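K.L.:
Dropping a structure here in structure tokens format, bear with me for questions.
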Amino acid sequence: MVDSKNSWKAWLYLAPALVLLLVFTVWPIVNTLRMAFLEDYSGLMEKGGAVFNFGIGNFLKVIQYQRFLNCLKTTALLCVLTVPVSTVLALLISVALNSIKGLQKVLQTIFFLPYVTNSIAIGMVFAAMFNIVGSFLGSENELIVTAGIINNVIEFFGGSHVNWINVGSTYAANIFVMVVYIVWKALPFKILILLGGLQSINKQYYDAAKVDGTSKSRILTRITVPLLSPMIAYVVITSFINGFKEYTSIVGIFGENMGPADDKGRLNTMVGFIYDALSSNNQGRASAAALILFAIILVVTLINLQVSKKRVHY
Amino acid sequence: MAETNRVIMHEKDMSKVKSNSKVGGVFGKIFTYVFLSIMALIILFPFYWMIISSLKTLEEYRLSVPTFWPKVVMFGNYAEAFTAGNLGRLFINTVLVGVVSTILSLVITVISAFAFARLEFKGKNILFAGLLATMMIPGELFTITNYGTVTNLGWMNTYTVLIVPFLVSVFYIYLLRQNFLQIPNELYLAAKVDGTSDLKYLWKVMIPLALPTLISITILKMAGAWNSYIWPRLVANDEAHRLITNGLRNAFTETTGDVNYPIQMAAVALVSAPLFIVFVFLRKYIMKGVSRSGIKG
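Quick look at the structure:
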């Protein structure tokens, strides 16, 4: 053991990190709890000398807000729709990538590309692709032309164009666009992890299966998936956690409106709700919502872990 | 030797097994490649569309039958986007914040990880476990209080507010500590006997050995500055300190309706380009860093 006189030295080395953590991490945890349990707490009013009563009013108000429930619904819906789709797609792509030799590196790089992008920037590209109004001739008699490439493709195949994200679009169409974008964005990380897992599976299992003449689909469901299950559990858990914190993808496509121009805030999420409460100086409500978000993430993660305990083969 | 022979024998046996199922294999191969190609095209399409749209004239972009290659290549769109979005200023701000916060963050991470990996002090394990526990909490929870804290400190609309609150990452300390722990303690003790100072030992032995981890941290940190949106928008949304993502969103607020998409797409391409250039050169480190980091941002 190194001599214990080093003790003061250790604290010296840790000092910068600990000071910053105390101010920007530990204090916020304590303060969030304090603000959440003070009725209608507002930082601005506290500076003005207001005193707040202790209570659970913030939580009650938040969960009774229709706006909050809408945010919760949108967030949960996006999670439930995107996590299975992106996980299954990523699994299929990884298994396919693992089975080929030529072009594997090139394809692997291509599949990683969406990760090295800016959610807002590429969100704007998706908005352009799904946009519908392309030109209007004169201001009086607007002529609506489908100019978004997605609608062009649909019309090429004989379908009629869909109002995806513009004024008058439906909630379902908005959600569809978000699911496509979030899945596109989520694939790289999942493929990276799953392919890494696949490459570390012992080849002998597959050789044994081949000797037995096992079919491809059976190999996938009986060997690959079970042996890959720790990785699958990991990507499912992390994508649920990220999914409940969804915010910037929506800003990327819809802008700060968080919805089509005629129905602002329609696609707002939990995180969006917290920031709205914060900007309107309702720190008490923002804190309560943040704690609810934390609780939801914790519960979903625990459920995931519980399920994977039964299903995952280590 | 015997082991190698057995492997070779095994491979021979297996190649016989493989040849039996060759016919099914060819169709399987074709199907696999077709599937992967279609998926790759879907992944690549937005990038392609971004680039060709950015090179079209507005009239051509608005044609109801889309063109897949611009008739007139409009490089001028890029110049226009650069000035319209005031991108020069945004680039400088973002690089400045990225570089300064990366350097400071690396210093803090290295000395903290060193203390946790090599030095002994009371309460070390409890402190470390406590720090790890904070990683579970979503960042939004901290933002509420931090917003008030930086207002009280008078940091609003400064570079400080973009750099200081995120200098310490428990995750990076954890990552580097694990890396430091793999370096045998004997090296440290030998250095102590020779009278080498801690800092010299860190600099000469530990940092070189942990270089891949440090590069991963650097990349993640720089990408963080490039992609951060929520915090900069809250605390530094003035012309002088605005960062790139926020500026892009601000300069091109409309996403639907009759938008000048070629200019907007040119701006998007300009903002995306640096990330791609870095990716081309540091692909290996980035992919390794990401696979270890799990959750981004």
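Residue numbers (the numbering used here), protein chains in the order written: chain A, 3 to 316; chain B, -13 to 283. All C-beta atoms, glycine included, are put in the ideal place defined by N, C-alpha and C. Values in this document were obtained by computation on a predicted structure and should not be read as measured data.
Suppose you measure from the CA of I281(B) to the CA of A226(B); what does that come to, to the nearest Å?
P.N.:
Position 295 of the second sequence holds residue 281(B). Position 240 of the second sequence holds residue 226(B). Because I281(B) carries a pLDDT of 41, less than 50, the predicted location of this residue cannot be relied on, and no value is offered for it.
K.L.:
Taking Cβ positions, are L234(B) and V257(B) nearer each other than 7 angstroms?
P.N.:
The count along the second sequence starts at 1 and reaches residue 234(B) at position 248. The count along the second sequence starts at 1 and reaches residue 257(B) at position 271. With a cutoff of 7 angstroms on beta-carbon distance, L234(B) and V257(B) are scored as near each other.
K.L.:
State the Cα-Cα distance for the pair L189(A) and T89(A), rounded to the nearest angstrom.
P.N.:
The residue labelled residue 189(A) in the question sits at position 187 within the first sequence. The residue labelled residue 89(A) in the question sits at position 87 within the first sequence. Between L189(A) and T89(A), the C-alpha separation is close to 8 angstroms.
K.L.:
Buried or exposed, going by whether 16 or more other CB atoms sit within 10 Å of the CB of Y34(B)?
P.N.:
Counting from 1 along the second sequence, the entry for residue 34(B) is found at position 48. Under this definition Y34(B) is an exposed residue.
K.L.:
Go through its chain and collect everything with a Cβ distance to F31(B)'s Cβ below 7 angstroms, but skip five positions before and after it.
P.N.:
The count along the second sequence starts at 1 and reaches residue 31(B) at position 45. There are no such residues.
K.L.:
Could you check whether the Cβ of V154(B) sits closer than 7 angstroms to any Cβ belonging to chain A?
P.N.:
Here residue 154(B) refers to the residue found at position 168 when the second sequence is read from its first residue. True, the Cβ-Cβ gap to chain A drops below 7 angstroms.
K.L.:
Tell me, which residues are paired with F56(A) by DSSP?
P.N.:
For the purposes of this step, residue 56(A) is taken as the residue at position 54 of the first sequence. The partner list for F56(A) (beta bridge, DSSP) reads L40(A).
K.L.:
State the DSSP-derived secondary structure class of F157(B), mapped to helix, strand or coil.
P.N.:
As a first step, residue 157(B) is located in the second sequence; it is residue number 171 there, counting from the start. Helix, per DSSP.
K.L.:
Counting only runs that start and end within the segment 206 to 251 of chain B, where is the alpha helix (DSSP H) found for 4 or more residues in a row?
P.N.:
216 to 221, 230 to 237
K.L.:
Say whether the segment 206 to 222 of chain B touches the segment 61 to 70 of chain B, bearing in mind that this needs 3 or more beta-carbon pairs closer than 8 angstroms, one atom from each stretch.
P.N.:
Counting Cβ pairs under 8 angstroms, fewer than three are found: no touch.
K.L.:
If you draw a straight line from the C-alpha of K108(B) to the C-alpha of V213(A), how long is it?
P.N.:
If you number the second sequence from 1, residue 108(B) lands on position 122. If you number the first sequence from 1, residue 213(A) lands on position 211. Rounded to the nearest angstrom, the two C-alpha atoms are 58 angstroms apart.
K.L.:
Within its chain, find whatever has a CB closer than 7 angstroms to the CB of I272(B); leave out the 5 residues flanking it on each side and keep chain order.
P.N.:
As a working note, residue 272(B) is residue 286 in the second sequence. Around I272(B), the same chain offers I205, F265 as residues with beta carbons nearer than 7 angstroms, after the five sequence neighbours per side are excluded.
K.L.:
Hey, how far is the Cα of N232(B) from the Cα of V25(A)?
P.N.:
Here the question's residue 232(B) lines up with position 246 in the second sequence. Here the question's residue 25(A) lines up with position 23 in the first sequence. Approximately 26 angstroms, taken between the alpha carbons.
K.L.:
If you scan the segment 5 to 31 of chain A from start to end, which runs of the alpha helix (DSSP H) of 4 or more residues do you find wholly inside it?
P.N.:
9 to 23
K.L.:
In angstroms with no decimal places, state the Cα-to-Cα distance between V307(A) and F178(A).
P.N.:
Residue numbering aside, residue 307(A) sits at position 305 when the first sequence is read from its first letter. Residue numbering aside, residue 178(A) sits at position 176 when the first sequence is read from its first letter. First, the amino acid is wrong: residue 307(A) is Leu here, not Val. So the alpha carbons of these two residues sit roughly 29 angstroms apart.
K.L.:
What's the gap between the Cα of L293(A) and the Cα of L127(B)?
P.N.:
Translated into positions along the first sequence, residue 293(A) becomes position 291. Translated into positions along the second sequence, residue 127(B) becomes position 141. Distance between the alpha carbons of L293(A) and L127(B) is about 7 angstroms.
K.L.:
Looking at chain A, which residues of the segment 56 to 70 of chain B have a Cβ within less than 9 angstroms of any of its Cβ atoms?
P.N.:
none
K.L.:
Which parts of the segment 123 to 170 of chain B are runs of the alpha helix (DSSP H), unbroken and 4 residues or longer, counting only runs that do not cross its ends?
P.N.:
125 to 138, 146 to 149, 156 to 167
K.L.:
Can you tell me whether DSSP reads A255(B) as helix, strand or coil?
P.N.:
On the second sequence, residue 255(B) is found 269 positions in, with the first residue counted as 1. In the structure shown, A255(B) sits in a helix (DSSP, three-state: H, G or I).
K.L.:
Quick one: which chain B residues come within Cβ less than 7 angstroms of N154(A)?
P.N.:
The residue you call residue 154(A) lines up with position 152 of the first sequence. By Cβ distance, chain B contributes P52.
K.L.:
To the nearest angstrom, how far is it from the Cα of G215(A) to the Cα of V97(A)?
P.N.:
In the first sequence, counting from the first residue as 1, residue 215(A) sits at position 213. In the first sequence, counting from the first residue as 1, residue 97(A) sits at position 95. Each residue's alpha carbon lies about 19 angstroms from the other.
K.L.:
Along the segment 244 to 268 of chain A, what residues have a CB closer than 9 angstroms to any CB found in chain B?
P.N.:
N244, F246, K247, Y249, T250, V253, G254, I255, F256, G257, E258, N259, P262, A263
K.L.:
When burial is assigned at 16 or more other CB atoms within 10 Å of the CB, is I203(B) buried or exposed?
P.N.:
Counting from one through the second sequence, the residue named residue 203(B) turns up at place 217. Buried.
K.L.:
For W35(B), go through chain A and note every residue whose CB falls closer than 7 angstroms to its CB, in chain order.
P.N.:
The count along the second sequence starts at 1 and reaches residue 35(B) at position 49. Those are V127, M131, I151, listed as they occur along chain A.
K.L.:
Report the rounded CA-to-CA distance for G181(B) versus L148(B), giving the unit in angstroms.
P.N.:
In the second sequence, residue 181(B) corresponds to position 195, counting from 1. In the second sequence, residue 148(B) corresponds to position 162, counting from 1. Taking the straight line joining both Cα atoms gives about 40 angstroms.
K.L.:
Among the candidates A279(A), F296(A), N270(A), whose CA atom is the shortest distance from the CA of T77(A)?
P.N.:
One-based indexing of the first sequence puts residue 77(A) at position 75. Of the listed residues, the one whose Cα sits closest to T77(A) is N270(A).
K.L.:
By the criterion of Cβ-Cβ separation under 8 angstroms, what are the contact partners of E233(B) in chain A?
P.N.:
In the second sequence, counting from the first residue as 1, residue 233(B) sits at position 247. According to the sequence displayed, residue 233(B) carries Gly and not Glu. Result: empty, since nearest Cβ-Cβ is about 10 angstroms, beyond 8 angstroms.
K.L.:
Hey, which unbroken runs of the alpha helix (DSSP H) at 4 residues or more fall wholly within the segment 53 to 130 of chain B?
P.N.:
62 to 70, 73 to 104, 110 to 120
K.L.:
Kindly say whether T144(B), judged by its beta-carbon, lies nearer than 7 angstroms to any beta-carbon of chain A.
P.N.:
Reading the second sequence from its first residue, position 158 is the one you call residue 144(B). Answer no: the Cβ-Cβ gap between T144(B) and chain A never drops below 7 angstroms.
K.L.:
Check this for me: beta carbons of V85(A) and F242(A), under 7 angstroms apart or not?
P.N.:
Position 83 of the first sequence holds residue 85(A). Position 240 of the first sequence holds residue 242(A). Yes, the pair counts as a contact, with Cβ atoms nearer than the cut-off.
K.L.:
What does the Cβ neighbour count give for W217(B), buried or exposed, with the cut at 16 atoms within 10 Å?
P.N.:
Residue 217(B) sits at position 231 when you count from the first residue of the second sequence. Result: buried.
K.L.:
If you measure from the beta carbon of I130(B) to each beta carbon in chain A, is any gap under 7 angstroms?
P.N.:
Locating residue 130(B) in the second sequence gives position 144, where the first residue counts as 1. Yes, because at least one Cβ of chain A sits closer than 7 angstroms to the Cβ of I130(B).
K.L.:
Tell me whether the segment 155 to 165 of chain A and the segment 180 to 187 of chain A touch, counting them as touching only if at least three CB pairs, one residue from each stretch, are closer than 8 angstroms.
P.N.:
Contact between the segment 155 to 165 of chain A and the segment 180 to 187 of chain A is absent, because fewer than three Cβ pairs lie under 8 angstroms.
K.L.:
Measure the CB-CB distance between G1(A) and Y249(A) and report whether it falls below 7 angstroms.
P.N.:
Given that chain A is displayed from residue 3 to residue 316, the structure contains no residue 1(A) and the question cannot be resolved.
K.L.:
Do L16(A) and S98(B) have their C-beta atoms closer together than 7 angstroms?
P.N.:
Stepping through the first sequence from its first residue, residue 16(A) is reached at position 14. Stepping through the second sequence from its first residue, residue 98(B) is reached at position 112. Contact: yes.
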